[in-house]
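**Q** Below you'll find the structure I mean.
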């Protein structure tokens with residue numbers, strides 16, 4: 532059964548090419564929003580907290596600070612409205628899921644950048 536699901540995902544689900552990113556990276560996600568008959572592009576810039584799943588069911592969570600309030604958004608990697616992803620900074624973290632990042636504020640909430 533699992534091989535059948537994998538076959539269907541590989542054959543029929545369209546794949547988009549995005550740059551490689553992981554937890555701790557600061558990325559900007561551009562996605563399309565439909566409001567009635569109009570469509571517009573909106574972006575969401577923040578730190579990747581986690582990537583989960585594989586293949587067609589893969590998702591990633593981004594966290595940004597909007598004033599003093601933390602905002603998180605989960606994006607499926609195969610979302611049709613997803614237009615492009617830009618990697619702004621590569622971050623150096625020791626874990627793949629950095630949920631402890633939610634509790635940090637100020638200078639402690641900085642992630643060391645990988646240069647190069």
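In our numbering, the protein residues as written are 532 to 647. Glycine included, each C-beta is placed from N, C-alpha and C at the ideal position.
#1: Starting from residue 526, trace the alpha helix (DSSP H) both ways and give me its first and last residue.
#2: Have a look at 591, 614 and 639 and flag the residue whose alpha-carbon is nearest the alpha-carbon of residue 573.
#3: What does residue 577 pair with, by DSSP beta-bridge criteria?
#4: Would you please state the rounded distance, in angstroms, between the beta carbons of residue 579 and residue 598? I believe it to be under 8 angstroms.
#5: Under 8 angstroms between the Cβ atoms of residue 589 and residue 608?
#6: Comparing alpha-carbon positions, which option in 602, 569 and 586 lies nearest residue 537?
#7: Which whole-angstrom value is the C-beta distance of residue 623 and residue 557, which I expect to be below 8 angstroms?
#8: Which same chain residues, not among the five before or five after residue 629, have their C-beta less than 6 angstroms away from its C-beta?
#9: Check this for me: beta carbons of residue 594 and residue 632, under 8 angstroms apart or not?
**A** Reading it off the structure:
#1: Nothing can be reported for residue 526: it is not among the residues displayed for the chain, which extend from 532 to 647.
#2: As a position in the chain shown, residue 573 is number 42, starting the count at 1. Closest option to residue 573, Cα to Cα, is 614.
#3: In the chain shown, the residue the question calls residue 577 occupies position 46. DSSP output for residue 577 lists 558 as bridge partner(s).
#4: Within the chain shown, residue 579 is the residue found at index 48, counting from 1. Within the chain shown, residue 598 is the residue found at index 67, counting from 1. Not confirmed; about 21 angstroms, so no contact.
#5: By one-based count along the chain shown, residue 589 stands at place 58. By one-based count along the chain shown, residue 608 stands at place 77. The answer is yes: Cβ separation under 8 angstroms.
#6: Counting from 1 along the chain shown, the entry for residue 537 is found at position 6. Out of 602, 569 and 586, 586 has the C-alpha closest to the C-alpha of residue 537.
#7: Residue 623 sits at position 92 when you count from the first residue of the chain shown. Residue 557 sits at position 26 when you count from the first residue of the chain shown. About 12 angstroms; that fails the 8 angstroms criterion.
#8: For the purposes of this step, residue 629 is taken as residue 98 along the chain shown, with counting starting at 1. These residues qualify, in order along the chain: 554 and 580.
#9: For this step, residue 594 is matched to residue 63 along the chain shown. For this step, residue 632 is matched to residue 101 along the chain shown. The answer is yes: Cβ separation under 8 angstroms.
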